[in-house]
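Asks: Have a look at the structure that comes next, please.
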Amino acid sequence: MAESGKVPTTQQTKKTPGKLKPHHSNIIAPTPTNQSAHLPFHPLLSLTLVFFLGCFPFLFTRPRSIHPICPTIISTVYSKMAPPAFSDIAKPSLDLLNKDFYHTAAATLEVKSKAPNGVAFTVKGKSDHKSGISGQLEAKYTDKPTGLTLTQAWTTFNALDTKVELDNTIANGLKAEVLTQFLPASKNTGAKLNLHFRQPNFHGRAFFDLLKGPTFNGDLAVGHEGFLVGAEVGYDVTSAKITRYAAGLGYSVPEYTAAITASNNLSIFSASYYHKVNTQVEAGAKATWDAKSSSAVGLEVGSKYKLDSLAFVKAKINNTGIAALAYNQVLRPGVTIGLGVSIDTQRLSESAHKFGASFTFEG
């Protein structure tokens with residue numbers, strides 16, 4: 001899921017003289033325009049068939065957490081909840097396979113504190129394996145009675161980011177965000193407007209880049225009794241062309257989720273599964289196929305095990321032989337350490353392995 005207040009994008013931008021330089025906050029990074037792609041219906045139909053066959057047995061079972069004398073509770077609960085955003089249809093499995101693996105950076109540091117007047121301060125620093133050290137200082141103020149949240153950040157890229165949020169103020173279920181960025185060195189600016197609308201069984205989002213294009217990216221998700229269906233589209237107002245589109249569907253209950261998505265103009269297909277085996281063990285897997293570049297399917301499996309209430313370990317491996325291990329421990333209230341390693345099992349004697357550590361302090 002894209003972080004709150006950020007336009008979700010997984011594509012990189014190129015540095016161009018005279019234009020706003022992107023940085024890790026990605027607040028105003030432009031969304032590249034994708035060319036229209038041939039619609040590969042057969043793979044999509046195949047994945048859909050596999051998905052429904054896999055979920056078919058679940059239609060006749062209830063999660064163990066639901067008491068058998070109350071068969072309508074599932075429908076009642078889901079009818080009152082907004083489904084996850086389109087980008088979060090496969091969130092449980094993606095979080096299991098991607099979050100809390102600390103080898104991605106040599107070291108990360110996060111310090112959080114809160115002033116008596118309610119202003120929350122966050123300092124973040126990261127030493128990347130390739131690009132060096134970067135950091136950010138952030139201040140956030142929330143006025144709960146009015147639903148107003150103001151966030152300001154200053155990064156080591158010399159970018160001043162501001163985000164203003166209004167939650168349930170304009171309309172019930174509507175969250176509006178205005179994001180701006182200013183680069184003092186180059187005098188470049190950027191502005192975006194994001195809208196999030198949540199209602200029972202519906203979750204829609206709209207992202208507008210006001211100064212570049214302008215462009216529009218929107219997605220929606222509809223849910224009913226655990227089933228999720230969603231779609232995404234991008235549109236360039238200047239050229240009057242659709243720049244991107246994607247679709248996905250899933251099935252989610254507290255103990256397990258399954259999802260398939262077709263992204264990058266329906267050319268990259270993914271199927272994922274997450275299972276909460278018990279209170280200590282979680283497992284998940286993801287298969288990906290790029291119809292444009294390869295006939296091979298990428299596969300990644302992972303698991304999480306809670307040692308106790310203060311510590312857990314994670315492990316994953318993919319079909320290329322890259323294995324990752326992670327350990328997270330709460331040393332004391334407000335102090336957490338994470339250690340991670342990535343090992344290329346096909347090149348054990350080479351310097352292809354990565355190590356990382358994470359430190360979090362909360363006051």
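Heads up: the sequence shown begins at 1 in UniProt numbering, then just goes up one per residue.
No residue lacks a Cβ here, since even glycine has one placed at the ideal position from N, Cα and C.
All values derive from a computational prediction rather than experimental measurement.
If you follow the beta strand (DSSP E) that S270 is in, where does it begin and where does it stop?
Replies: The residue labelled residue 270 in the question sits at position 270 within the sequence shown. Run containing S270: 268–276, per the beta strand (DSSP E) assignment.
Asks: Can you tell me which residues form a DSSP beta bridge with H196?
Replies: Along the sequence shown, read from residue 1 onward, the residue named residue 196 stands at position 196. H196 pairs with K175, R205.
Asks: Quick one: grab the DSSP three-state call for F182.
Replies: Residue 182 sits at position 182 when you count from the first residue of the sequence shown. Note: F182 maps to strand in three-state DSSP.
Asks: Is the region 77–97 close to the region 295–314, with three or more CB pairs under 8 Å?
Replies: The region 77–97, when compared against the region 295–314, does touch it at the 8 Å Cβ threshold.
Asks: Who pairs with N328 in a beta bridge, going by DSSP?
Replies: Here residue 328 refers to the residue found at position 328 of the sequence shown. Note: N328 sits in a beta bridge opposite F312, G338.
Asks: Report yes or no: do the region 321–333 and the region 128–138 share at least 3 C-beta pairs separated by less than 8 Å?
Replies: Counting Cβ pairs under 8 Å, fewer than three are found: no touch.
Asks: Measuring CB atoms only, is the region 288–297 touching the region 307–315, in the sense that at least three cross pairs come out at less than 8 Å?
Replies: With a cut-off of 8 Å, the region 307–315 and the region 288–297 do not count as touching, because too few Cβ pairs lie within range.
Asks: Within its chain, find whatever has a CB closer than 6 Å to the CB of S46; leave out the 5 residues flanking it on each side and keep chain order.
Replies: As a position in the sequence shown, residue 46 is number 46, starting the count at 1. A caution first: S46 carries a pLDDT of 48, below 50, which makes its placement in the model unreliable, though a value can still be read off. Closer than 6 Å at Cβ, skipping near neighbours: no residue.
Asks: Kindly give me the distance between the Cβ atoms of Y141 and V119, rounded to whole angstroms, as I take these residues to be in contact under 8 Å.
Replies: Looking up residue 141 in the sequence shown gives position 141. Looking up residue 119 in the sequence shown gives position 119. Yes, Y141 and V119 are in contact; Cβ-Cβ is about 5 Å, under 8 Å.
Asks: Give every residue of the same chain whose Cβ lies closer than 8 Å to the Cβ of A311, excluding the five residues on either side of it in the sequence, and list them in chain order.
Replies: By one-based count along the sequence shown, residue 311 stands at place 311. Answer for A311: Y327, N328, Q329, V330, listed in chain order.
Asks: So, helix, strand or coil for S65, using DSSP?
Replies: Position 65 of the sequence shown, counted from the first residue, corresponds to residue 65. Reliability of the predicted coordinates at S65 is poor, the pLDDT of 43 falling under 50, and the value obtained from them is presented with this limitation in mind. Note: S65 maps to coil in three-state DSSP.
Asks: Taking the alpha-carbon of A285 as reference, which of T279, V297, N278 has the nearest alpha-carbon?
Replies: In the sequence shown, the residue the question calls residue 285 occupies position 285. Residue V297 is the option with its Cα nearest to A285.
Asks: Please name the residue in F216, E255, S252, F227 whose C-alpha comes closest to that of I242.
Replies: As a working mapping, residue 242 is identified with position 242 in the sequence shown. With distances taken between Cα atoms, I242 lies closest to F216.
Asks: Quickly, what does DSSP pair V123 with across the bridge? List them, please.
Replies: Numbered from its first residue, the sequence shown carries residue 123 at position 123. Partner(s): V111, L137.
Asks: Between the Cα of T279 and those of S87, A106, S309, spot the shortest distance and give me the residue it belongs to.
Replies: The residue you call residue 279 lines up with position 279 of the sequence shown. Ranking S87, A106, S309 by Cα distance to T279 puts S309 first.
Asks: Between which residues of its own chain and T336 is the CB-CB distance below 6 Å, once the five residues before and five after are set aside?
Replies: The residue labelled residue 336 in the question sits at position 336 within the sequence shown. V330, T360, listed in sequence order.
Asks: Classify D95 as helix, strand or coil using the three-state DSSP reduction.
Replies: Counting from 1 along the sequence shown, the entry for residue 95 is found at position 95. Helix.
Asks: Spatial neighbours of T169 within its chain, please: CB distance less than 6 Å, with the 5 preceding and 5 following residues excluded, ordered by chain position.
Replies: For the purposes of this step, residue 169 is identified with residue 169 of the sequence shown, where counting begins at 1. The answer, listed in chain order, is G147.
Asks: CA-CA distance, R198 and D219?
Replies: Indexing the sequence shown from 1 puts residue 198 at position 198. Indexing the sequence shown from 1 puts residue 219 at position 219. Roughly 12 Å between the two C-alpha positions.
Asks: Considering only the beta carbon of each residue, do E180 and T162 sit closer than 7 Å?
Replies: Working through the sequence shown from its first residue, we reach residue 180 at position 180. Working through the sequence shown from its first residue, we reach residue 162 at position 162. Correcting the residue identity first, residue 180 is Thr in this sequence and not Glu. Yes.
Asks: Just to confirm, are T155 and K126 a CB contact at a threshold of 7 Å?
Replies: Here residue 155 refers to the residue found at position 155 when the sequence shown is read from its first residue. Here residue 126 refers to the residue found at position 126 when the sequence shown is read from its first residue. No, these two residues do not count as a Cβ contact at 7 Å.
Asks: Following the continuous beta strand (DSSP E) through L210, name the residue where it begins and the one where it ends.
Replies: Sequence index remark: in the sequence shown, residue 210 carries index 210 (1-based). Premise fails: L210 is in no beta strand (DSSP E) and is neither H nor E.
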